[in-house]
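Okay, so here's the structure we're looking at.
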Amino acid sequence: MGFWFVICLSMIAGVVSLQQLTVLPSLSDLLLLQLFCVGGIFCFHYFNITRLRFKTCLRFVFCCLLAYLLGMTYATWRGENRLIDQLSLQHDDKVSRLVVEVSDLVNYGDDYLQFDARVLASKPNSGIPTHIRVRWSFGGFASPYKKPPPLSEPMPEIKPGEIWEFSALLRRPYGSFNPGQSNILTYRFANNHRAIAQIKGQPIRIAERGDWTWSIQVARLRHAIRAKLNPHLSDKRYGSVMIALVMGDQAAISQEDWVLFNRSGLTHLVSISGTHITMLSSLASLLSFLLWRRCGFAGKLFADRIAAQRWASVVGILVAFLYCNIAGWGVPAQRSFFMLLIFFANYALGLQWSIHMVLTVAALVVLLLDPWAVLSIGFWLSFGAMLVLIMLLKEVSKAEGLKNKLIFGIRSWAKAQFAVFVGLAPLLALLFNQVSLISPIANAYAIFFIGTVVTPGSLLLALSSQFDSLAYFTDFLAKVVHYVLLLSLE
């Protein structure tokens, strides 16, 4: 177990270190280094080299180096493929004619909308990247001292999967490098925005939907959920936060609210986190476990054919997978899903992996799917919080008696909050130049209310909003859940 743990860490280190380079290394050079490592492992394994006292140790070092190079090679290959898809210099800052497919949710501003798109056809035919970020402005000119005039007509509703044709000014991604500010170029590259398109003229909707793909269907489902939720939450102070808890869409959260959440240390609570996913998956597993043990067919229980524990594990994973997709498949969602997947597989297959191994394999899988996840602050905070809890919280035997259980629960809760605060304080200070001193106190009560009342209530609200016959119940539920959220945040 220790060997594979270090090997996984070495591959993670290879992917992470590649993202810190300014120039991609040569794939041929990396392959030559890997052949050298394979040769070293072969020599130390099959030849009796008596002069080397640390043959086993050196063989282990070569294995770690090989894993490191494999991770770096994989990240280099993915990086080269992404860099190939870029806007040609001859078409930069020029108008082109595009036919695109809307590939994700549309973000609406006061007088503009933005969305990710996949280019299906273009004029000119070459030099145009496949993945672009489109912006469609509707208002007049606005200066730093003057807001744009109100819109005379509402902005059109654009759904994922629709095919549009328009003329657009294409530009390569650009941004400033001001200290303490976010790196917009890193954000664009990690999100595969290979060009920025500003729509000119009047676009034409060609088709309601294109080819069937899983990502488009999930995006359309997310769009439908948001469209049904908005009428019930648009007039609520923290309605945008409730939408973010359901589907991970944080575009409507105001800058003032983000400042409040950052200062109080509650940012992680207004996004999809492991708490929400684990809670929903555990609830689905428990219900399926109870039903599977009591239901049957032809006079024989289902549990006699398939163990209830394994069936509950499968249901829990499926529910977590669906929820993570609806939530936008962000880094915290990926981490939580893969940890649950590995945990259930560990239980079902009897692997008996430690929690350290589960966390490491989950991080490796996340980076294999998205090598640029390390460029996200959420990656380090998400896995960092889990690592702090693993290192500082020791497993204590279960207390007996109601009083002892209550004392033990309060003590464990306080210890967890303090551990995460102390463990992540240096990282938060490095990334944001500030640390919230009231974060442990704010999280102590906010996590409980948001995790046990607000999030389940928001999910139930999303479900009931899909049925027009439940409109009165949905309005009542929205008021109750929002009131609890208001108490938790203020």
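In our numbering, the protein residues as written are 17 to 506. Glycine included, every Cβ here is placed at the ideal spot set by N, Cα and C. Every value quoted in this text rests on a predicted model; they were computed, and no experiment measured them.
Would you kindly check if the distance between the Cβ of residue j and the Cβ of residue i is under 8 Å?
i       : j       : result
Tyr-128 : Arg-113 : no
Arg-236 : Ile-212 : no
Ile-259 : Leu-245 : yes
Arg-351 : Ala-378 : yes
Pro-176 : Val-116 : no
Ala-91  : Leu-282 : no
Ala-478 : Val-257 : no
Thr-471 : His-248 : no
Ala-319 : Trp-308 : yes
Ser-280 : Ser-452 : yes
His-107 : Ile-144 : yes
Gln-102 : Arg-210 : yes
Met-88  : Leu-47  : no
Ile-100 : Arg-238 : no
Apart from the five residues on each side of it in sequence, which residues of its chain come closer than 8 Å, Cβ to Cβ, to residue i?
i       : result
Leu-25  : Thr-376
Lys-216 : Val-111, Phe-182, Ser-183, Ala-184 and Leu-185
Leu-367 : Ala-361
Ser-413 : With a pLDDT of 42 at Ser-413, under the threshold of 50, the modelled position of that residue is not reliable, and no figure is offered here.
From which residue to which residue does the beta strand (DSSP E) around residue i run?
i       : result
Glu-181 : 179-187
Asp-227 : Element bounds for Asp-227: n/a, residue is neither H nor E.
His-147 : 147-153
Val-135 : 128-139
Arg-113 : 110-118
With a threshold of 6 Å on Cβ separation, who are the neighbours of residue i within its own chain once the five nearest residues in sequence on each side are excluded?
i       : result
Val-122 : Leu-129, Phe-131 and Ile-174
Leu-49  : Leu-85
Ile-179 : Glu-117, Ile-222, Ala-223 and Gly-226
Ile-463 : none
Just how far apart, CA to CA, sit residue i and residue j?
i       : j       : result
Glu-411 : Met-295 : Residue confidence for Glu-411 is low, a pLDDT of 44 falling below 50, so the modelled location carries little weight; the figure read from the coordinates is stated next. Cα-Cα distance, rounded: 20 Å.
Phe-154 : Asp-126 : 9 Å
Arg-321 : Asp-386 : 38 Å
Leu-505 : Ala-487 : 27 Å
Phe-52  : Phe-360 : 38 Å
Thr-146 : Asn-278 : 36 Å
Ala-415 : Val-382 : At Ala-415, the pLDDT of 48 sits below 50, so the modelled position is not reliable and the matter cannot be decided from this model.
Asp-120 : Gln-233 : 10 Å
Ser-168 : Gly-467 : 41 Å
Leu-357 : Ile-333 : 6 Å
Pro-165 : Pro-456 : 43 Å
Gly-95  : Val-331 : 36 Å
Gly-344 : Leu-338 : 10 Å
Gly-255 : Leu-391 : 29 Å
Beta-carbon within less than 7 Å of residue i's beta-carbon, same chain only, minus the 5 sequence neighbours each way: which residues are those?
i       : result
Gly-56  : Phe-78
Gln-214 : Arg-151, Ala-184 and Leu-185
Leu-380 : Cys-24, Met-27 and Ile-28
Ala-324 : Phe-305, Trp-308 and Arg-309
Val-22  : Cys-80
Leu-476 : Leu-493
Determine the extent of the alpha helix (DSSP H) in which residue i is found, giving its start and end residues.
i       : result
Lys-175 : Here Lys-175 belongs to no alpha helix (DSSP H), and DSSP marks it neither H nor E.
His-498 : 487-505
Ser-329 : 324-342
Ala-73  : Ala is not the amino acid found at residue 73; the sequence shown has Cys there. Unbroken alpha helix (DSSP H) run through Cys-73: 71-100.
Trp-20  : 18-34
Leu-384 : 371-385
Tyr-62  : 43-62
Just checking: is the beta-carbon of residue i within a distance shorter than 8 Å of some beta-carbon in chain B?
i       : result
Tyr-499 : Chain labels in this structure do not include chain B; a single protein chain is all it has.
Any chance the CB of residue i is under 7 Å from a heavy atom of the ligand MN?
i       : result
His-209 : Inclusion of the ligand MN in the displayed structure is not the case, the ligand content being empty and no account of it being possible.
Query raised in the report: In chain order, which continuous runs of the alpha helix (DSSP H) of length 4 or greater are located wholly inside the stretch 245-276?
Result: Uninterrupted alpha helix (DSSP H) stretches at least 4 residues long and entirely within the stretch 245-276 occur at 255-263, given in chain order.
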